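Protein chains in written order, with our numbering: chain A, 154 to 528; chain B, 163 to 672.
The next block holds one structure in the form of structure tokens; read it before the comments.
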Amino acid sequence: MQANAEAEKLARVRLNFFGCMRSDWLLRLMGLYGGAAELLKRPPAEIAGEGGVSFATALRLAAETAAADPEKELALARKAGVKVLTALDDGYPELLKTIYDPPLALYVRGELKNMPAAALVGTRKATPYGLRTAARLARELAEAGAAVASGLARGVDTAAHEAALAAGGVTWAALGSGLNEVYPAENRKLADKIAGSGGAVISEFPMGLKPMPANFPRRNRVISGLSLATVVVEGGFESGAMITARFALDQGREVMAVPGPVDSPMSKGPNDLIKNGAGPVEDAGDITACFPYGALAAAHPGKKGESYLRPPAALKELSPDAGAAYAAIAADEKGLNADELAQALAWPAQRTAASLFELEVAALVASRGGRYTRV
Amino acid sequence: MLAKISTLALKGIDGFFVSAEVYIASGLPAYAIVGLPDAAVKEARERVVAAVRNSGFDFPSKRITVNLAPAEKKKAGTHFDLPIALGVLAASGKLGKNPPARLEESFFIGELALDGSLRPVAGVLPMLLALKDSKRTAVVPAGNSAEAAVSGVKCLAASNLKQVAEWISGSDGLNACGTVPAAEAAGSGPDLSEVKGQTFAKRALEIAAAGFHNVIMVGPPGSGKSMLAKRFGGLLPPMGPDESIETTKLYSVSGLASAGRLVRERPFREPHHTISDAALIGGGSNPRPGEVSLAHNGVLFLDEFPEFSRPAIEALREPLEAFKVTVARVKESVVYPARFLLVAAMNPCPCGYLGHSVRECSCTPLQVHKYRARISGPILDRIDLHVQLSPVKYADWEAVPKGEPSAAIAARVLKAIEIQKARFGGRDGRSNAAMTAGELRSHCALPEGASAVLELAMNKLGFSARSLDKILKVSRTIADLEGAAAIKREHVIEAVQYRMLDKSEALAGI
């Protein structure tokens, strides 16, 4: 029986090499024939006849799975320190098994702990508001003991992963490419950090698969599938974050959104979700409130006095100049660069530099490409 | 018959004596020039024949050998035409049986036109400076007379071969080259007050001028990078007499001093980014000074810095470090001085709009990283000041009052330079930017509060250890501008602001 399980796992890894938009019909065929190993033994004509797929697709399935080498793939994964899980293996997330079409194989780098998670998703072209809010929510979730799931993309995803790591929390990144092809390239180090600090970088795609646009919506169902709730931080109507929200809805998970300014194109998506009944999120307490009772080891974090609404307490310890500079920077949604600040306050360079230094060291403002925005 | 005519040649920017020996023997007519002549010197043969005949003399149909001694040194340029022609005339007895004293004791420089008239040549000033202590007379083309006057050597200006021949035989037909015109009233170049806003950039330029720090300006298109750079020279103190001569020599060697003036205002060179590395730092089989040397004692402005070729950018290392360029060739190597202030300008990213207040940047972080990585660490290491420029909004243009005039800033800069002269014992070319590690320790002691600033900068803002030295040097200059003996905390804090390209965010997720 042991040998059979081994063969079935290899068969599933092999079957996973078939490139398709969704895997639900493969799961149906596996159900029909009693496993991937059985399915792979059937001739294309039989699969086409009984399985309700076109003959062309069945032929392509046979060709692509025959070309795959699952043993080599497993060796490759082992070499990269990656575990390959199928639904037969222990450690395959229970929550993910319950979705409509769970991945046939899950490549995991790091550790996929059994803990409640929330997904923070959003656009790559986030505004300072989106980045700041994503980071705060991620930090609060980490402090509450929940994992933060996201997609390792630029913008909101990166902000969420980084903030969760900085708070010493657990974060999961689901990729739309193979684990040997981390995309975007500048997040490679971030991926290493996630895998090395109790979190996990995961993918359902073969190790060496290059990032392809078609695969990114597909991986979004994994992000929402791993999570009890999916929070859209920022994104337009047609953004990937909205696709994740739809998956979460299909999977019967909680969909929530961060309300944003009505004139911000990046808040169109979340505001629309709220209009249609999604829960608005102000802080992590709003998210964990919809977790099942007892899901979190710690008690639900209450509202923390909505500290983010007021100027931070740290500001009191700084000079009046720093306070004035902070007010000027916070007043502009896009932030200011050093020169604009000097002009806004009509200060000479020395005075402006001194207040910026105070604020930056106190981590009250952050500079991105030379623009200072409040954190 | 044999004749010897004294003339001069150039190695780098220094002149040396050359003797043009002409020997005319009977035999089959032949005519050769020896003594490592380059192509331009070899062509003197044809010019000399025509010039001699068209000046009313016979050109001997005999066996003529011309030797340019010392024969092992390379000779380049067209200025040997006149001495060779005079040698031919003297050796064929056209200038009298015994060589007159004027022929024996004078030096001759000039290119001949086919009709016998004299054309101006490059490098007259550095060549004549070799005669400085000899009290001998030089005859130069009339077109070079203003430049020759700068040398302080007794010079006569001639307009054709015939005039020179007559002068040698005793006539008074040649005029002295005159004197250097007095310095004109300080030119009213473009003023920094015309640039509105850009508080940090102006301040950075002030610090750069005061401590001889190189500076890089990062800003979107149209933020006034070249406008600022063109006004930078106005902040520097006027050129000293030695500086003037040295820069004029370099201009002369490059044939740029044809207007023949002493260069009095600091050079401002702005080569295009397609320039080759040889043109930038100097080179060629007959070495010529590059743009870095033409900017000697002045400003080298490199706009679109990352667009320069990698070899060109890397070639800047030597002059930025040693203030000179050594052009080594198999047969010789020459040294050109190149003490310039580098003002580089670049866009923040390939599209130019990263960090822009209105426009969206369309670059990926990787593109930005690759763009910035074109300026290698060692080069960035030699640029002490990084400053960010913001685009000017129209509203600001109207509202912002005019800035400080250049003269007021230049006065502060001058004071800071005086302080540095005292600090480094008045040695030439020493500045805060060029402090050694030892000097850094002795001149940049930090008070208690200030070293904490550096620690914060490293731990919280992600500065690398190697940027700390730059911060210290710049702090020293900021303190000097204020006339403060010791560096204070606020000086260091301000200096930190001018290292934006060192921050870790500049490389990581932007």
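A virtual CB, placed ideally from N, CA and C, is assigned to each residue, including glycine.
The structure presented is a predicted model; accordingly, all values stated were derived computationally and were not measured.
Practice problem: Excluding the 5 residues preceding and the 5 following S321 (chain B) in the sequence, name in chain order all residues of the same chain whose CB lies nearer than 7 Å to its CB. | Solution: S279, L280, A304
Quiz item: Taking just the CA atoms, how far does C443 (chain A) sit from D543 (chain B)?
Solution: 54 Å
Quiz prompt | Other residues of its chain near G445 (chain B): CB distance less than 6 Å, five sequence neighbours each side excluded | solution = V489
Quiz item: Helix, strand or coil for N337 (chain B) per DSSP?
Solution: strand
Practice problem: Could you name the residues of the same chain whose beta carbon sits closer than 7 Å to that of M163 (chain B), not counting the 5 residues immediately before and after it, in chain order? | Solution: Same-chain partners within the cutoff: I186, A253, S254, G255.
Quiz item: So what's E407 (chain A) in DSSP terms, helix, strand or just coil?
Solution: strand
Exercise. May I ask which residues mark the beginning and end of the beta strand (DSSP E) holding Q529 (chain B)?
Key: It is not in any beta strand (DSSP E) - Q529 (chain B) instead sits in the alpha helix (DSSP H) that spans 527-535.
Exercise. Output the distance between the C-alpha atoms of G214 (chain B) and F221 (chain B), rounded to the nearest integer angstrom.
Key: Going by the sequence as given, residue 214 (chain B) is Val instead of Gly. Going from the Cα of V214 (chain B) to the Cα of F221 (chain B) covers about 6 Å.
Quiz item: Does the Cβ of P196 (chain A) have 16 or more other Cβ atoms within 10 Å, making it buried, or fewer, making it exposed?
Solution: Exposed.
Quiz item: For the beta strand (DSSP E) that contains M268 (chain A), what are its first and last residues?
Solution: Neither: M268 (chain A) is in no beta strand (DSSP E) and is coded neither H nor E.
Quiz item: Can you give the Cα-Cα distance for V514 (chain A) and M662 (chain B), rounded to whole angstroms?
Solution: 14 Å
Quiz item: Mind checking if F510 (chain A) is an interface residue toward chain B, Cβ cutoff 7 Å exclusive?
Solution: yes
Quiz item: According to DSSP, is W500 (chain A) helix, strand or coil?
Solution: coil
Quiz item: What residues are listed by DSSP as bridge partners for R281 (chain B)?
Solution: B:E273
Quiz item: What does N684 (chain B) pair with, by DSSP beta-bridge criteria?
Solution: This structure does not reach residue 684 (chain B), given that chain B is present from 163 up to 672, and the question cannot be answered.
Exercise. Tell me whether A457 (chain B) sits in a helix, a strand or coil according to DSSP, three-state version.
Key: coil
Quiz item: In chain B, which residues lie with their C-beta within 8 Å of the C-beta of E513 (chain A)?
Solution: Here the neighbours are K622, L623.
Self-check item: Test: L618 (chain B) CB closer than 7 Å to a CB of chain A
Solution: yes
Quiz item: When you check each C-beta in the region 637-664 of chain B against every C-beta of chain A, which residues fall closer than 7 Å?
Solution: Residues of the region 637-664 of chain B with a C-beta atom less than 7 Å from some C-beta of chain A are E652, I655, E656, V658, Q659, M662, listed in chain order.
Exercise. For Q582 (chain B), name the three-state secondary structure that DSSP assigns.
Key: helix
Quiz item: By the criterion of Cβ-Cβ separation under 7 Å, what are the contact partners of F362 (chain B) in chain A?
Solution: A491, D492, A495, A502
Practice problem: May I ask you to list, following chain order, the residues of the region 496-526 of chain B that have a beta carbon less than 9 Å from some beta carbon of chain A? | Solution: P510, C511, L516, G517, H518, S519, V520, E522, C523, T526
Quiz prompt | Straight-line gap, L449 (chain A) to A507 (chain A) (C-alpha atoms, nearest Å) | solution = 44 Å
Practice problem: Consult DSSP for S520 (chain A) and reduce its assignment to one of helix, strand or coil. | Solution: strand
Practice problem: Output, in sequence order along the chain, the residues in the region 224-244 of chain B whose CB is closer than 7 Å to any CB in chain A. | Solution: none
Quiz item: From P673 (chain B) to E610 (chain B), what distance separates their C-alpha atoms?
Solution: Coverage of chain B is limited to positions 163 through 672, which leaves residue 673 (chain B) absent and any answer about it impossible.
Quiz item: Whose C-beta lies closer than 6 Å to the C-beta of A506 (chain B) among residues of the same chain, with five residues either side of it excluded?
Solution: I378, L464, F467
Quiz item: If you scan the region 218-257 of chain A from start to end, which runs of the beta strand (DSSP E) of 3 or more residues do you find wholly inside it?
Solution: 235-239
Quiz item: Roughly how many angstroms lie between the CA atoms of A201 (chain A) and M183 (chain A), to the nearest whole one?
Solution: 14 Å
Self-check item: Interface residues of chain A facing L551 (chain B) [CB-CB closer than 7 Å]
Solution: D492
Quiz item: Pick from A:D177, A:C173, A:A221, A:F390: whose alpha carbon is nearest that of L193 (chain A)?
Solution: A:A221
Quiz item: What residues are listed by DSSP as bridge partners for E183 (chain B)?
Solution: B:K166, B:N229
Self-check item: Where the region 393-417 of chain B meets chain A: residues whose CB sits under 7 Å from a CB there
Solution: none
Self-check item: Environment of T286 (chain A) [buried if 16+ CB atoms lie within 10 Å]
Solution: buried
Practice problem: For my contact list, I440 (chain A) and A219 (chain A) are in at a C-beta cut-off of 8 Å; report their separation, rounded to the angstrom. | Solution: Their Cβ separation, rounded to whole angstroms, is 46 Å, which puts I440 (chain A) and A219 (chain A) out of contact at 8 Å.
Practice problem: Using a Cβ cut-off of 7 Å (strictly closer), state whether R341 (chain A) contacts chain B. | Solution: no
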